[in-house]
Every structure is written in structure tokens, then in C-alpha cells.
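Everything below concerns the one structure shown next.
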Amino acid sequence: MTVTVMSDRIGRSIHELPTPSVLIDLPTLHRNIEQMMGVARDSDVALRPHWKTSKCAEVGRLQLGAGAVGLTAATAAEVEALVDAGFDDIFWAYSPVGAHRIRTALRTAQRARVLIGLDSLAAAEPLAEAAVAEGIEFEVRLEVDTGLGRAGVDADDALTVARRLARMPGLVLEGVFTHEGHVQGVGADPERRMSTGTAAGRLLVEVAETLRADGLEIPGVSVGSTAGARSAPRVAGVTEARPGTYVYGDENQVAIGTVDPGDTAMTVLSSVISTQRGEPVLVDAGIKAMSSDGGMHGDGRIGTVVSDGGGLISVGHEEHGFLRGSSPLQVGDLIRVRPNHACGLTNMHSHVFAVEDGVVVDIWPVLGRH
Ligand SMILES: Cc1ncc(COP(=O)(O)O)c(C=O)c1O
929 MTVTVMSDRI
939 GRSIHELPTP
949 SVLIDLPTLH
959 RNIEQMMGVA
969 RDSDVALRPH
979 WKTSKCAEVG
989 RLQLGAGAVG
999 LTAATAAEVE
1009 ALVDAGFDDI
1019 FWAYSPVGAH
1029 RIRTALRTAQ
1039 RARVLIGLDS
1049 LAAAEPLAEA
1059 AVAEGIEFEV
1069 RLEVDTGLGR
1079 AGVDADDALT
1089 VARRLARMPG
1099 LVLEGVFTHE
1109 GHVQGVGADP
1119 ERRMSTGTAA
1129 GRLLVEVAET
1139 LRADGLEIPG
1149 VSVGSTAGAR
1159 SAPRVAGVTE
1169 ARPGTYVYGD
1179 ENQVAIGTVD
1189 PGDTAMTVLS
1199 SVISTQRGEP
1209 VLVDAGIKAM
1219 SSDGGMHGDG
1229 RIGTVVSDGG
1239 GLISVGHEEH
1249 GFLRGSSPLQ
1259 VGDLIRVRPN
1269 HACGLTNMHS
1279 HVFAVEDGVV
1289 VDIWPVLGRH
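Position 252 of the sequence shown, counting from 1, maps to 1180 under our numbering, and the rest follow consecutively.
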């Protein structure tokens, strides 16, 4: 019996890979990293990419190598994986609620700078108590809702919460942050995206100035999204940008024009497994390979075929994708599919193949998935 070990696949054509497999096109990845670094430099802000899009240490290292100041994470597993991989400056942009998150904060803070984002005193108090018990201090950032309607204090409440945070032993209030994800929801109109992102940046800067006028030191003013990357960070007073999706790009960004189709680095390699129905053709990229994140086209597609023949994966069962609108395909044919949402897809796979000119150059584990 021949056992194929992973490393045997390096140097092979992608046509020899098992399917479904995630491919990351290296030249496109490098270009995206450089391009966003340039966008951040033009806006005169530090870049701290959200790592949840890749969860690959190799991608994080490329981002830091290009000039990023550190990385952003969402889950405790991501923070632990980053610290284990040697990253030493992380913004954990998620309220540290629950004993397991406090444990992660304590464990990782000994080995790295871990800034922690939160939006309530209820989340802050147990963290502060843990810090005092350990004789350490945690740097925290207060999340402000600038329009997404997800986490974050209302701007009007920020001063009250910030004053209390600043007085809590064990915590150092480092700054404020927002995720202006509603810029993506604005859709394909670049002017509306610009005005929405700018408004989010301005609101966050206003909050920071209010806090400073009250005597608080607020060095960090951090915004973050791919759709808002060319608007919110340009507001004077913003110090940091945290886009994530840009690094791979995906169909949701392509649909609204924030990523060029040629700049999407991530595809899923998939095989045609049945043509019994004629149309749809069945492929092995179902929801376990693609995730079922809805596309921004509103047509229910779970993936867009970017290889010759085209078509859309309109419906997915677990291991079956229903491909419509392609030119004729045979059982065994390979297709490449652009996912709706790169970050959701990453979390479904244990590794990705870094490829160049159709050849596997490296295999990167996806870390911190749970
Ligand atoms: C807190 C936070 N910051 C930054 C980002 C990055 O945004 P995007 O994926 O649009 O680049 C996200 C994404 O969800 C986020 O939740």
C-alpha cells in the first residue's frame, strides 16, 4: 500500500491533489499583502490585519514581513495559536467573556503583548480581577458601535464606560476600536461606501477626543474592514486599520467591487462527481468544503466557478455542490471555485495548498480552528 504523506504533494501539479482542496495562489497573495500595506501607508495608519481570514502562520509572517505592526484575532484558539507560533503583538478584538477566555488571556499575556477588546464593564470586571490576582495588567480597548449594530458601546455611552475602565486596577485602557462592517452592507456604490466608512472613522475619532478631553490617554484608535479600508483609516486621528478578508479576497468583496476578481487568491479545487441530472452537474464542493455563507449577489450561490466553463454552485448539500450554468463537463473534470466568504471557508479546512503556476509550492496548516 502506498501512503501519500502531505509533503509528497509539494512540487506536484494541482491536478494530482485530492478534492475538494483549498488553493492559495501565492503571487496573488503577495500582491494583496503589498497592496493593502500601501493603502495603510497612504492613510498614515499602522496595519494590523485580522488573521481569521487565513489562520495560517505563514500568511501572518508575510503580513508582518511587509510591515504590519501585529495581527488581530477573534477567538481564544486563534490567540493561543498565534502565541504558540511565536507572534508577539496581538489584538484580541473580542470580549473575553467566560473562564476559558480569561485563562487564554492569562496564559498568552506571559508570552506576548495581547491587547484585549471589550464593550462592557461586565466583561471587564472578571478580567481585571484575574489580572490583579496574577499581579499583571492587561491593555484593553473599548469597542464602539459605529453603525454595524453588532458589539460595541454606543458612542454616547463611551465616556461613562471608559472612565470606569480606566479606574479598574489590573486594566490599562489603551484605546478604542470599531469594526465598520456595515460598509460592506452598503454594497456596490463606491461613494456610499466612502461616506459610510468615513462617518464610522469620524465617529470613532470623536469618541477618542471626548475621552482625551476627560483626561484619559487614548493612543489607539483602530478601525477595521476590507470594504472600509480605503475610507475609515483615512480619517485624521485614526491610528490603525485591521482589514482581514483582503488577503485572500472572496466573492462577497468582488460582488461590491472592493476586490478585483483577479485579486482573489483563494479557490476550492473540486471534481465533477456526477452528470446524471444533466443540469445541475454535481461537484464535490458542498457546504462542508465551501461553507454556506450567503453571497452578496442575493442569488443563493455558495460558490462561483472561475475555471474554464464557468457556472455557479447554486445549492450545496454536505458533500454535493449543485453546479448550474457551466459549459458541458464530464465526470472527473476539475473546476476551481471562488468562495463567497474566505474567512468562513478557512475554518472548515485543516490545511491549504500554496500554489504558483498550477504547482503546489507549500502546504500550510490552518491553526486555531476551534
Ligand atoms: C473586529 C473585526 N475587525 C476586523 C475585521 C476584518 O474585516 P474584513 O473581514 O471585512 O476585512 C473583522 C471581520 O469580521 C472583525 O470582526
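Ideal Cβ positions, reconstructed from N, Cα and C, are used throughout, including at glycine.
Inset, instruction - Quick one: using the 10 Å Cβ neighbour count with 16 as the cut-off for buried, is D1236 buried or exposed? - result: exposed
Legend entry - D1084 (DSSP reduced to helix, strand or coil): helix
Legend entry - Status (buried if at least 16 other CB within 10 Å, exposed otherwise) for P977: buried
Inset, instruction - Compute every distance between the C-beta of P1293 and the non-hydrogen atoms of ligand 1, then say whether any falls below 7 Å. - result: no
Legend entry - Cβ neighbours of S971 in the same chain (closer than 6 Å, five flanking residues each side left out): P1161 and R1162
Legend entry - Check: T1173 C-beta below 7 Å from any heavy atom of ligand 1: yes
Inset, instruction - Let me know the secondary structure DSSP gives A1155 once reduced to three states. - result: coil
Inset, instruction - Kindly indicate which three-state DSSP category R937 falls into: helix, strand or coil? - result: helix
Inset, instruction - Tell me whether I1291 sits in a helix, a strand or coil according to DSSP, three-state version. - result: strand
Inset, instruction - Over the uninterrupted beta strand (DSSP E) stretch that includes V923, give me the two end residues. - result: For the chain, the structure presents residues 929 to 1298; residue 923 sits outside this window and is missing.
Legend entry - Pairwise C-alpha distance: I1291 and V933: 11 Å
Inset, instruction - Tell me whether A1155 counts as near ligand 1, meaning its Cβ is closer than 7 Å to at least one heavy atom of that ligand. - result: yes
Inset, instruction - Might you give, ordered along the chain, the residues of its own chain that have their beta carbon closer than 7 Å to the beta carbon of M929, omitting 5 neighbours on each side? - result: Note that M929 has pLDDT 46, beneath the 50 cutoff, so the model's placement of it is unreliable and the number below is only indicative. Excluding positions up to five away in sequence, the list is empty.
Inset, instruction - Would you check if there are 3 or more beta carbon pairs closer than 8 Å linking the stretch 1008-1019 to the stretch 1203-1217? - result: no
Inset, instruction - Take A1061 as the anchor and find which of L1099, V1042 and V1283 has the nearest alpha-carbon. - result: L1099
Inset, instruction - Taking all protein chains shown into account, decide if L1049 is buried (16 or more other Cβ within 10 angstroms of its Cβ) or exposed. - result: exposed
Legend entry - From G993, M1218 and F1105, residue whose alpha carbon lies closest to that of S1242: M1218
Legend entry - With 16 other Cβ atoms within 10 Å as the buried cut-off, status of I1215: buried
Inset, instruction - Quick one: measure Cβ to Cβ for S1159 and T1126, integer angstroms, because I've assumed they're closer than 8 Å. - result: 5 Å
Legend entry - Among D1221, P1256 and F1105, nearest to T1167 - alpha-carbon criterion: F1105
Inset, instruction - Using beta-carbon positions only, say whether V1233 and S1254 come within less than 8 Å of one another. - result: yes
Legend entry - Length at least 4, wholly inside the stretch 1212-1274: the alpha helix (DSSP H) runs in chain order: 1215-1218 and 1270-1274
Legend entry - Pairwise C-alpha distance: E1102 and G1148: 6 Å
Inset, instruction - Assuming T1173 contacts T981 (C-beta within less than 8 Å), just tell me the rounded distance between them. - result: 5 Å
Inset, instruction - Put H1298 into one of helix, strand or coil per three-state DSSP. - result: coil
Legend entry - Beta-carbon gap between I942 and L1197 smaller than 8 Å: yes
Legend entry - Straight-line gap, A1001 to G1045 (C-alpha atoms, nearest Å): 10 Å
Legend entry - Assigned exposure category for Q1038 - 16 Cβ within 10 Å defines buried: exposed
Legend entry - Rounded separation between A1083 and R1140 - CA only: 14 Å
Inset, instruction - To the nearest angstrom, report how far apart R1095 and L1070 are at their CA atoms. - result: 14 Å
Inset, instruction - Check whether the Cβ of C984 sits closer than 7 Å to any heavy atom of ligand 1, and report yes or no. - result: no
Inset, instruction - Please classify P948: does DSSP put it in a helix, a strand, or coil? - result: coil
Legend entry - Counterpart residues of F1105 in DSSP-defined beta bridges: E1071 and S1150
Legend entry - Beta-bridge pairing of A927 - partner residues as DSSP gives them: Within the shown structure, residues of the chain are numbered from 929 to 1298, placing residue 927 beyond reach of any answer.
Inset, instruction - Quick one: using the 10 Å Cβ neighbour count with 16 as the cut-off for buried, is P946 buried or exposed? - result: exposed
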